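Note that the sequence shown covers residues 0 to 115 in numbering that gives the first Met the number 0.
Glycine included, each C-beta is placed from N, C-alpha and C at the ideal position.
Keep in mind that this is a model prediction, so the values were computed, not measured.
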Amino acid sequence: MHKYKCDGFVIYEGLLITPLRKAILITGTIECSGGLKVEVQKRLDILDQEDRNPLVQTVSYSYNVFLTGVGNVFRYDSPHKDHNQQHHVHRYDVLNAGNTVAVTYIGDEENIPTLG
Numbered sequence: 000m001h002k003y004k005c006d007g008f009v010i011y012e013g014l015l016i017t018p019l020r021k022a023i024l025i026t027g028t029i030e031c032s033g034g035l036k037v038e039v040q041k042r043l044d045i046l047d048q049e050d051r052n053p054l055v056q057t058v059s060y061s062y063n064v065f066l067t068g069v070g071n072v073f074r075y076d077s078p079h080k081d082h083n084q085q086h087h088v089h090r091y092d093v094l095n096a097g098n099t100v101a102v103t104y105i106g107d108e109e110n111i112p113t114l115g
């Protein structure tokens, strides 16, 4: 995130980190140049409660990218229990009423997005 701020792409990072008993929630909006915004919802489970520097693992995420005043561009989602049971991306036709154009599964773990 720091690199994108320094490069001027990220204008404002309004993420809230909420610690829970066995997890961490990251929610909020990242404002980018050109009117793009990223709405973030992410949950990290804490794997070792006793460790002072515990290992955490992402268990769910949704990164929705939209153009302010226009509509959704794309959204990356973690697997759902009842449908789209793999990591996937929804693509929208932002200039044509925002209709869903495609849902594509992400086969390679290297292509799963992160906030870094």
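Nearest neighbour of residue i, chosen from the options [CA to CA]
{"i": "residue 103", "options": "66, 85, 109", "result": "85"}
{"i": "residue 109", "options": "100, 94, 87", "result": "87"}
{"i": "residue 22", "options": "91, 72, 105, 57", "result": "57"}
{"i": "residue 0", "options": "43, 30, 20", "result": "30"}
{"i": "residue 40", "options": "51, 32, 61", "result": "61"}
{"i": "residue 7", "options": "35, 15, 77, 67", "result": "35"}
{"i": "residue 113", "options": "51, 19, 76", "result": "76"}
{"i": "residue 83", "options": "18, 105, 68", "result": "105"}
{"i": "residue 12", "options": "19, 18, 2, 20", "result": "2"}
Nonlocal neighbours in the same chain, by C-beta distance under 8 Å from residue i, ignoring five residues either side
{"i": "residue 47", "result": "53, 54"}
{"i": "residue 68", "result": "34"}
According to DSSP, residues forming a beta bridge with residue i
{"i": "residue 40", "result": "26, 61"}
DSSP-derived helix/strand/coil call for residue i
{"i": "residue 109", "result": "helix"}
{"i": "residue 82", "result": "coil"}
{"i": "residue 13", "result": "strand"}
{"i": "residue 70", "result": "strand"}
Close Cβ partners of residue i (< 7 Å) along its chain, the five nearest in sequence each way excluded
{"i": "residue 100", "result": "90, 91, 92"}
Cβ neighbours of residue i in the same chain (closer than 6 Å, five flanking residues each side left out)
{"i": "residue 38", "result": "28, 63"}
Any non-hydrogen atom of the ligand NAP within 7 Å of residue i CB
{"i": "residue 92", "result": "The ligand NAP is not part of the structure shown, which contains no ligands of any sort."}
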